[in-house]
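Below you'll find the structure, written out as structure tokens, and then a few comments.
Number of protein chains: 2
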Amino acid sequence: MSAFAVPGTVINLLLVDDHPMIVEGIRQMLLPEPDLQVVAQANGGEQALELLETHPHVQVVLLDLSMPGMSGIELARAIRANWPDVRVLALSMFHDHATVAEVLEAGGAGYVLKTATCIELSTAIRQVAAGRTYFSQDVADTLLESQQIAGDLKAARLPAITRREREILQLVAREHSNLEIAEALFISERTVETHRRNLLAKTNSKSVVGLIQYAIRHNLLA
Amino acid sequence: MSAFAVPGTVINLLLVDDHPMIVEGIRQMLLPEPDLQVVAQANGGEQALELLETHPHVQVVLLDLSMPGMSGIELARAIRANWPDVRVLALSMFHDHATVAEVLEAGGAGYVLKTATCIELSTAIRQVAAGRTYFSQDVADTLLESQQIAGDLKAARLPAITRREREILQLVAREHSNLEIAEALFISERTVETHRRNLLAKTNSKSVVGLIQYAIRHNLLA
DNA sequence: CAAAAAATACGTGGCAGCACGTAGGCATAC
DNA sequence: GTATGCCTACGTGCTGCCACGTATTTTTTG
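Below is the structure:
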């Protein structure tokens, strides 16, 4: 079984997005492309994993990053771990540094913005299916910027946000103060401050402003 | 010329969204409905207004709230002012108080979330075309909540965000401090603080956290 | 033109967020 | 078994946000 699609053959796709409109839109955009075949679609990460079990032909998963429940990033990791041959193409409305970096780190093969046209989308799918990568222009720009930053920080690997940190971040995004968070979680306000500081560093932001942006882009409010 | 669609006749629609995927998705969802006819589609507010000039048959405009350039709210106002018979149905990913309130104030006839199914969407269109209103369940819940709040504030009409305020908000969302903003706009830091205070009131938020959420939901970063 | 809305500006004061440094307990992974 | 990562926690001090009140000038709108 070959890992990459051979030119001229059909590419089997799995669509994952919680918005029926988007799913339908993508289907429609790919309809005129006979070599791009949508064999299944899921509305959430859990469902996507089930479908992968029953559809071993899937070569490319096109997944939305912001979904309720299991996030797109988590799903990408799960796919990476269980189906290393399946190529993951991320689909998102945003292209901030932290998100793009996470997709790469999770083993994503490409990153397309939701503003993409039909042509761009099908190009991207064919690229990743062929074992290459694809990034929308704005995403590529973001990558270049972060590489400059990364150059300074000397490959400063930002570890992923931990579970506890995510919990703190959610409460911050709901307009709770550090004290309120501390009381809610039965920990010291100092601890909340520490988590918060780590979050600032990991999301590469100067203040709570960047934190909220990260939270919203990762759909941590629901 | 009747303002509202008669049951049994065709409803002419204008789609406005900057994402080709969404536009295609909606077209596809409405295809099986013979009485719902998409006669034009626009990628931005300006284009939508031009199309309304040349398409006098349009009865319902289905518009996305977050678009670069002219926002969906502004477009709704413009339609309200120039084509009072045209019904506006808002389409959005979010249903926070401030946004829903703005749509109502701008004369929107309905508000559908992007998580809507095919059935919900066509129902919504038929409702607004018939002169009624339609709100997705979550949106209706938000409305109820805000009415409770509004009860306290005694019909506290929140005026829309002004141009200057939006400008300030964008800079805040880019992690600039009040002082930086003041220097960039050649105004006093006090003035920035005043704008900021007004923004907090208008967006009904306690801190910068709510401000950023508003900014992102309204696509003020680009 | 008059009225309303928007943009400008000042003062005082308090508390929260954040920088920076430091460190112990605990689980898991190598 | 030790190394690594995570969660926990403290202290000090500064700065910037935000509340509350007030007011003038400019622009827009009816």
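Those protein sequence lines, which keep their order, are chains L and B.
Going by my numbering, the first sequence opens with residue 1, and the numbers climb by one from there.
Going by my numbering, the second sequence opens with residue 223, and the numbers climb by one from there.
Backbone N, C-alpha and C define an ideal beta-carbon position, used for all residues, glycine too.
Quick caveat, the model's predicted, so the values are computed rather than measured.
query: Check the Cβ of D240(B) against every Cβ in chain L and list those closer than 8 Å, keeping chain order.; result: T115
query: Interface residues of chain L around I244(B) at Cβ under 9 Å?; result: H19, M21, I22, G25, K114
query: Restricting to Cα atoms, I'd like to know which of V325(B), E405(B), P306(B), S399(B) is closest to H440(B).; result: V325(B)
query: For the region 305–350 of chain B, which segments carrying the alpha helix (DSSP H) assignment without a break, of at least 4 residues, lie completely within its bounds, in sequence order?; result: 319–327
query: Which residue from M289(B), Y333(B), F357(B), N234(B) puts its Cα closest to that of Q269(B)?; result: M289(B)
query: Assign N234(B) to one of three DSSP states: helix, strand, or coil.; result: strand
query: Please name the residue or residues paired with A42(L) in a DSSP beta bridge.; result: V16(L)
query: Less than 9 Å between CB atoms is the rule here; does A395(B) satisfy it with respect to chain L?; result: yes
query: What's the call for Q359(B), buried or exposed, on a 16-neighbour Cβ count within 10 Å?; result: exposed
query: With a cut-off of 8 Å, do at least 3 Cβ pairs link the region 415–434 of chain B to the region 196–206 of chain L?; result: no
query: Does the beta carbon of R217(L) sit closer than 9 Å to a beta carbon anywhere in chain B?; result: yes
query: If I'm right that Y214(L) touches A101(L) with Cβ under 8 Å, what's the distance once you round it to whole angstroms?; result: Not really, about 11 Å apart at Cβ, beyond 8 Å.
query: From the DSSP output, in three-state form, read off H440(B) for me.; result: coil
query: Taking only beta-carbon atoms, is K424(B) less than 9 Å away from chain L?; result: no
query: Determine the chain L residues that contact G251(B) at a beta-carbon separation under 8 Å, and present them in chain order.; result: The amino acid at residue 251(B) is misidentified as Gly; the sequence shows Met. Ordered by position in chain L, the residues that pass the 8 Å Cβ test against M251(B) are P20, M21, E24.
query: Does the separation of the CB atoms of V86(L) and I11(L) fall below 9 Å?; result: no
query: Name the chain L residues whose beta carbon is nearer than 7 Å to that of S174(B)?; result: One cannot answer for residue 174(B) here, as it falls past the ends of chain B, which runs 223 to 444.
query: How big is the Cα-Cα spacing for E165(L) and P242(B)?; result: 36 Å
query: In this structure, does DSSP put V209(L) in helix, strand or coil?; result: helix
query: Since L185(L) is in the alpha helix (DSSP H), which residue starts that stretch and which ends it?; result: 178–185
query: Would you kindly check if the distance between the Cβ of Y134(L) and the Cβ of A109(L) is under 9 Å?; result: yes
query: Who pairs with D64(L) in a beta bridge, going by DSSP?; result: L91(L)
query: How about A256(L) and V394(B): do their beta carbons lie closer than 9 Å?; result: The structure shown does not extend to residue 256(L), since chain L spans only 1 to 222, so no value can be given for it.
query: Alpha carbon to alpha carbon, what distance is there between P278(B) and V260(B)?; result: 13 Å
query: According to the neighbour-count rule (16 or more other Cβ atoms, all chains shown, within 10 Å of its Cβ), is S293(B) buried or exposed?; result: buried
query: To which residues of the same chain is T17(L) closer than 6 Å at the C-beta, ignoring the five residues directly before and after it?; result: Per the sequence shown, residue 17(L) should be read as Asp rather than Thr. Around D17(L): V23, D64.
query: Helix, strand or coil: which one does DSSP assign to L31(L)?; result: coil
query: Assign S188(L) to buried or exposed, taking buried as 16 or more other Cβ atoms, counted over all protein chains shown, within 10 Å of its Cβ.; result: exposed
query: Buried or exposed: Q370(B), going by 16 or more other Cβ atoms within 10 Å of its Cβ?; result: Because the pLDDT at Q370(B) is just 48, under 50, the model does not fix this residue reliably, and the value given afterwards should be weighed accordingly. Exposed, since its Cβ has fewer than 16 Cβ neighbours within 10 Å.
query: Which residues does DSSP pair with Q269(B) in a beta bridge?; result: The partner list for Q269(B) (beta bridge, DSSP) is empty, contrary to what the question assumes.
query: For chain B, find out if any of its Cβ atoms is closer than 9 Å to the Cβ of Q213(L); answer yes or no.; result: yes
query: Contact criterion: CB-CB distance below 9 Å. Does L443(B) meet it with respect to chain L?; result: yes
query: Which same chain residues end up closer than 7 Å to M29(L) when comparing Cβ atoms and leaving out the 5 residues on each side of it in sequence?; result: C118, L121
query: Under 9 Å, Cβ to Cβ, is there at least one residue of chain B near S205(L)?; result: yes
query: Please list the partners that G210(L) has in chain B, where partner means a Cβ-to-Cβ separation under 8 Å.; result: E397
query: Mark S224(B) as exposed unless 16 or more other C-beta atoms lie within 10 angstroms of its C-beta, in which case mark it buried.; result: Because S224(B) sits at a pLDDT of 43, beneath the cut-off of 50, its placement in the model cannot be relied upon, and the point is left open.
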